[in-house]
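The block underneath contains the structure these notes are about, expressed in structure tokens.
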Amino acid sequence: MTEKIVLAYSGGLDTSVAVRWLQEKYDAEIATLTMDMGGKVDLEGARQRALDIGAVRADVLDARDEFIAEYVWPALQAGALYEGIYPLATALGRPLIVKHLVRIAQEEKAYAVAHGCTGKGNDQVRFDVSAAALAPQIKVLAPAREWGMSRDDEIAYAQEKHIELDLNKRSPYSVDENLWGRSIEAGDLEDPWAEPPEEAYAWTVAPAAAPDEARYVEITFSRGIPVAVDGEKLSGTTLVEMLNEIAGQHSVGRIDHIENRLVGIKSREIYEAPAAVVLHQAHRAMESMCLSKEQARFKERMGQEYADMVYNGLWFSAHRRDLDAYVRSTQTHVSGTIRARLYKGTCAVVGRSSGESLYRHDLATYDASDTFDHQASVGFIHLFGLPVRTQAEVQGDQQ
Ligand code: ARG
């Protein structure tokens with residue numbers, strides 16, 4: 302019986318070459334999986350190409366709803382921004398691909414799964430570690446990490462093996478995209494002094510090209526999950542698609558970051574994540590109304606931890622699940638509506654309202670309706686300052 306390998310297949314050069322290369326090198330049958338997580342992949346085209354190259358099974362899967370509900374929303378609720386800025390689109394997509402790769406591998410009794418990552422990035426770690434977490438006995442093959450072919454070598458290999466490629470579509474950059482964002486690397490972006498050229502961007506217009514009129518957008522949350530835009534209830538997938546569109550038109554969502562990769566390299570990363578930028582800002586503003594000071598501050602630290610776990614490929618881990626339980630508990634009262642202004646590359650929260658807000662006008666106001674007990678401050682400050690006064694009396698002034 303021939304051994305089987307299940308390959309994560311994007312339809313591009315690397316993974317197309319990989320179908321044949323794995324087949325020959327391991328004398329195995331290849332099954333492929335192509336997933337739509339909002340990255341505008343031609344699913345049917347990919348299926349046909351995989352079969353043409355010789356795959357024995359070629360699955361295509363629209364995983365957009367699962368991606369948003371099971372991966373993106375928990376990360377949003379956690380406030381997970383790697384190094385305070387990267388919304389983790391690529392990092393969140395990887396474990397979901399592995400989940401389905403492993404499922405198919407089990408259905409096919411395959412001994413290995415495979416992916417097209419190189420040996421320099423974070424993605425190889427995410428694939429390998431996620432697979433280890435879900436199926437510790439399965440082998441993970443990474444042909445592009447092994448074969449030592451340059452891009453030109455790969456093209457020559459493809460020609461020799463009569464693998465049809467659509468090379469015209471290829472951009473000068475390495476791009477990965479899904480609903481939560483677009484990650485752009487390589488080429489002239491590797492000079493950290495050089496401003497990214499406009500052609501690197503696909504989802505956002507330049508600030509100067511954005512409309513002169515601001516766009517106000519209202520986002521409604523229920524327990525920390527966005528459920529409506531401008532009062533219209535939407536599915537998660539539609540909501541994110543719509544915000545990518547609206548915010549992108551106002552140039553919101555461009556991120557230019559020098560990032561610390563897990564493998565020890567600093568790299569220049571460009572992201573476009575219009576919906577993620579707006580939603581993280583809005584979600585944080587919603588929390589500022591609905592969480593206590595202690596919840597908000599402790600959660601902020603948890604959010605960093607959560608982002609590191611996702612970034613480092615530890616989605617499928619007990620620690621991430623524990624963090625999720627904590628985060629979910631914090632979201633019980635994070636409900637209401639945020640109003641944000643999108644204008645020439647900026648997103649500013651300008652209004653908040655919530656039925657579960659801890660902001661109380663009668664306590665905050667300086668006008669006549671004030672109910673705050675000013676006299677109570679005297680005793681409060683007396684005790685609050687007691688240790689400082691005591692130390693000053695005993696040990697001298699504290700200057
Ligand atoms: N640096 C980002 C990450 O590690 C994005 C990687 C994107 N991959 C790509 N082929 N452009 O999550």
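Here my numbering = 1-based position in the sequence shown + 301. Using N, Cα and C, we set each Cβ at its ideal position, and we do this for glycine too. If you're wondering where the values come from, they're calculated on a predicted model, not measured in any experiment.
### Message
Restricting to Cα atoms, I'd like to know which of H662, T647, G646 is closest to R653.
### Response
For this step, residue 653 is matched to residue 352 along the sequence shown. Measuring from the Cα of R653, the nearest candidate turns out to be H662.
### Query
Is it buried or exposed for Q632, if we count other Cβ within 10 angstroms and need 16 for buried?
Numbered from 1 along the sequence shown, position 331 holds the residue referred to as residue 632. Classification for Q632: buried.
### Task
State the DSSP-derived secondary structure class of K594, mapped to helix, strand or coil.
For this step, residue 594 is matched to residue 293 along the sequence shown. Here K594 sits in helix by DSSP.
#### Entry: Cross-strand partners of F522 (DSSP beta bridge)
In the sequence shown, the residue the question calls residue 522 occupies position 221. Looking at the DSSP assignment, F522 forms a beta bridge with P527, G637.
### Task
Give the range of the beta strand (DSSP E) segment to which Y372 is assigned.
Along the sequence shown, one-based indexing puts residue 372 at 71. Unbroken run through Y372: none, as it is neither H nor E.
### Task
Kindly provide the chain-ordered list of residues whose Cβ lies closer than 5 angstroms to any non-hydrogen atom of ligand 1.
Checking every Cβ against the heavy atoms of ligand 1 under 5 angstroms gives T391, A392, N423, S475, D477, S484, E486, E570.
### Message
Here's a check: name, in chain order, each residue in its chain whose Cβ is nearer than 6 angstroms to the Cβ of G394, leaving out the five neighbours to either side.
### Response
Here residue 394 is taken as the residue at index 93 of the sequence shown, counted from 1. If we look at G394 and ignore the five residues flanking it on each side, its Cβ neighbours are M338, N479.
### Task
Can you give me the start and stop residues for the beta strand (DSSP E) that K440 sits inside?
Taking the first residue of the sequence shown as 1, we reach residue 440 at position 139. From DSSP, the beta strand (DSSP E) with K440 extends over 440-442.
### Simplified DSSP state of K341, which is helix, strand or coil
By one-based count along the sequence shown, residue 341 stands at place 40. Three-state DSSP puts K341 in coil, outside helix and strand.
### Query
By Cβ distance below 8 angstroms, which residues in the same chain neighbour N561 in space, the five residues on each side in sequence not counted?
In the sequence shown, residue 561 corresponds to position 260, counting from 1. The beta carbon of N561 lies closer than 8 angstroms to those of E384, K567 in the same chain, with the five residues before and after it left out.
### Message
Judging by CA-CA distance, which residue of A495, L435, A529, H558 is the nearest neighbour of L544?
### Response
Indexing the sequence shown from 1 puts residue 544 at position 243. Nearest C-alpha to L544: A529.
#### Entry: Helix, strand or coil at A548 according to DSSP, with G and I counted as helix
Residue numbering aside, residue 548 sits at position 247 when the sequence shown is read from its first letter. In the three-state reduction of the DSSP assignment, A548 falls in the helix class.
### Task
Take T538 as the anchor and find which of A576, R640, A309 has the nearest alpha-carbon.
Position 237 of the sequence shown, counted from the start, is the residue given in the question as residue 538. Restricting attention to A576, R640, A309, the CA atom closest to the CA of T538 is found in A576.
### Task
Just the C-alpha distance for S523 and R365, rounded to the nearest angstrom, thanks.
On the sequence shown, residue 523 is found 222 positions in, with the first residue counted as 1. On the sequence shown, residue 365 is found 64 positions in, with the first residue counted as 1. The straight-line gap from Cα to Cα measures roughly 20 angstroms.
### Message
Tell me whether the stretch 368-376 and the stretch 351-358 touch, counting them as touching only if at least three CB pairs, one residue from each stretch, are closer than 8 angstroms.
### Response
Contact between the stretch 368-376 and the stretch 351-358 is absent, with fewer than three C-beta pairs closer than 8 angstroms.
#### Entry: Local Cβ density within 10 Å of T666, reported as buried at 16 or more and exposed below that
Mapped onto the sequence shown, residue 666 falls at position 365. Around the beta carbon of T666, fewer than 16 other beta carbons sit within 10 angstroms, so the residue counts as exposed.
### Task
Output the distance between the C-alpha atoms of E486 and G525, rounded to the nearest integer angstrom.
As a first step, residue 486 is located in the sequence shown; it is residue number 185 there, counting from the start. As a first step, residue 525 is located in the sequence shown; it is residue number 224 there, counting from the start. Each residue's alpha carbon lies about 32 angstroms from the other.
### Closest residue to L466 among E694, D668, A347, R642 (Cα-Cα distance)
As a working mapping, residue 466 is identified with position 165 in the sequence shown. With distances taken between Cα atoms, L466 lies closest to A347.
### Task
Closer than 6 angstroms by C-beta to G380: which residues in its own chain qualify, once you throw out the five before and the five after it? Chain order, please.
Start at 1 with the first residue of the sequence shown, and residue 380 comes out as number 79. Closer than 6 angstroms at the Cβ level, and outside the excluded window around G380, lie G604.
### Query
By the 10 Å Cβ neighbour count, where 16 or more other Cβ atoms means buried, how is S552 classified, buried or exposed?
Working through the sequence shown from its first residue, we reach residue 552 at position 251. Buried, because 16 or more other Cβ atoms sit within 10 Å of the Cβ of S552.
### Message
Tell me the rounded alpha-carbon separation between S589 and V426.
### Response
Stepping through the sequence shown from its first residue, residue 589 is reached at position 288. Stepping through the sequence shown from its first residue, residue 426 is reached at position 125. Linking S589 to V426 through their CA atoms gives a straight-line distance of about 35 angstroms.
### Message
Please report the straight-line C-alpha distance between V579 and D674, rounded to a whole angstrom.
### Response
As a first step, residue 579 must be located in the sequence shown, where it is residue number 278. As a first step, residue 674 must be located in the sequence shown, where it is residue number 373. About 38 angstroms.
### Same chain, Cβ closer than 8 angstroms to E601, five either side skipped, listed in chain order
Mapped onto the sequence shown, residue 601 falls at position 300. Once the five neighbours on either side are set aside, the close Cβ partners of E601 are G380.
### Continuous alpha helix (DSSP H) stretch holding V430: start and end
Numbered from its first residue, the sequence shown carries residue 430 at position 129. Its alpha helix (DSSP H) spans residues 424-435.
### Task
Check each candidate in I405, A434, P527, E330 and name the one with the smallest Cα separation from S618.
Stepping through the sequence shown from its first residue, residue 618 is reached at position 317. Checking every option, the nearest Cα to that of S618 belongs to A434.
### Message
Based on DSSP bridge pairs, tell me the residues matched to A677.
### Response
Along the sequence shown, read from residue 1 onward, the residue named residue 677 stands at position 376. Its beta-bridge partners do not exist; DSSP assigns none.
### Query
Given 8 angstroms as the limit, is there contact between the stretch 304-316 and the stretch 396-412, that is, 3 or more CB pairs closer than that?
A contact exists between the stretch 304-316 and the stretch 396-412.
### Query
So what does DSSP say about R602, is it helix, strand or coil?
For this step, residue 602 is matched to residue 301 along the sequence shown. Correct three-state label for R602: helix.
### Task
Count the other CB atoms, across all protein chains shown, that sit within 10 Å of the CB of F685; report buried if there are 16 or more and exposed otherwise.
As a position in the sequence shown, residue 685 is number 384, starting the count at 1. Looking at its Cβ environment, which holds fewer than 16 other Cβ atoms inside 10 Å, F685 is exposed.
### Contact set for Y627: own chain, Cβ-Cβ below 7 angstroms, skip 5 residues either direction
Here residue 627 corresponds to residue number 326 of the sequence shown, with the count starting at 1. So the list reads M603, once near-sequence residues are dropped.
### Query
Excluding sequence positions up to five away, which residues of its chain have a Cβ less than 6 angstroms from the Cβ of A413?
Locating residue 413 in the sequence shown gives position 112, counting from the first residue. Cβ neighbours of A413 beyond the five flanking positions: I306, K440, L442.
### Message
Looking at T391: is its Cβ nearer than 7 angstroms to the Cβ of D477?
### Response
Within the sequence shown, the letter at position 90 stands for residue 391. Within the sequence shown, the letter at position 176 stands for residue 477. Yes, Cβ-Cβ distance for T391 and D477 is below 7 angstroms.
### Query
Can the beta-carbon of I331 be found closer than 7 angstroms to that of V342?
Position 30 of the sequence shown, counted from the start, is the residue given in the question as residue 331. Position 41 of the sequence shown, counted from the start, is the residue given in the question as residue 342. Between I331 and V342, the C-beta spacing is not below 7 angstroms.
### Identified DSSP bridge partners for I571
Your numbering for residue 571 matches position 270 in the sequence shown. I571 is bridged to I485, D557.
### Task
Using only alpha-carbon positions, find the residue among P497, K410, G422 that is nearest to A436.
Stepping through the sequence shown from its first residue, residue 436 is reached at position 135. Ranking P497, K410, G422 by CA distance to the CA of A436 puts K410 first.
### Query
Would a C-beta distance cut-off of 7 angstroms place G549 and W504 closer than the cut-off?
On the sequence shown, residue 549 is found 248 positions in, with the first residue counted as 1. On the sequence shown, residue 504 is found 203 positions in, with the first residue counted as 1. Taking 7 angstroms as the Cβ cut-off, G549 and W504 qualify as a contacting pair.
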